[in-house]
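Student:
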Amino acid sequence: MEESRAARLTRLVRLQRQLERMAENDLLHVTRERARLDERREATITALATFSPLHQAMASTYSDGFRGLDARSQRLEAMQKMQEKRLLIERTKADRLDETAGEAREAEARGAEDEALLDLLDMVLPQGRRSSPA
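With UniProt numbering as the guide, the letters of the sequence shown map in order to residues 1 to 134.
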């Protein structure tokens, strides 16, 4: 038997929700990476701010490292914004598909009820009386 429109849409909703979960995971990965990077940046700033002779001797190295961390942070920030936008798009698609699937299920239920009523009328009324005048 051919699959109904509501069943196809329900399958698409499940697929779209999976894409949404994948986007959430990607966003989570970028967010964690940014948190680790922020910790490293904070440690570098702390090392630069100390008066320890060892840290003072390494100040230029720390400064170069901080610039690299800062550039990476900016790239991750852009990636996070992109992932947030992607997640919003995937979630919106899934919500719209879910609404459409619900409407299709309702339409199929109404159609089935109409068919059941017509079948009942066919059983109760004689053949000749149900036909409409042309």
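We put the beta carbon where it would ideally sit given N, CA and C, even for glycine.
For Glu33, which residues of its own chain have a beta-carbon under 8 Å away from its beta-carbon, when the five flanking residues on both sides are left out?
Tutor: Hits under 8 Å: Leu76.
Student: Entirely within the region 35-110 and at least 4 residues each: give me those alpha helix (DSSP H) ranges in chain order.
Tutor: 53-57
Student: Whole angstroms is fine: what's the gap from Thr10's alpha carbon to Glu103's?
Tutor: 11 Å
Student: Identify whether Glu115 lies in helix, strand or coil by the three-state DSSP scheme.
Tutor: helix
Student: Is it buried or exposed for Thr44, if we count other Cβ within 10 angstroms and need 16 for buried?
Tutor: buried
Student: If you run the structure through DSSP and keep just helix, strand and coil, what is Ala134?
Tutor: Residue placement at Ala134 is flagged as unreliable, the pLDDT there being 47, under the threshold of 50; a coordinate-derived value is accordingly withheld.
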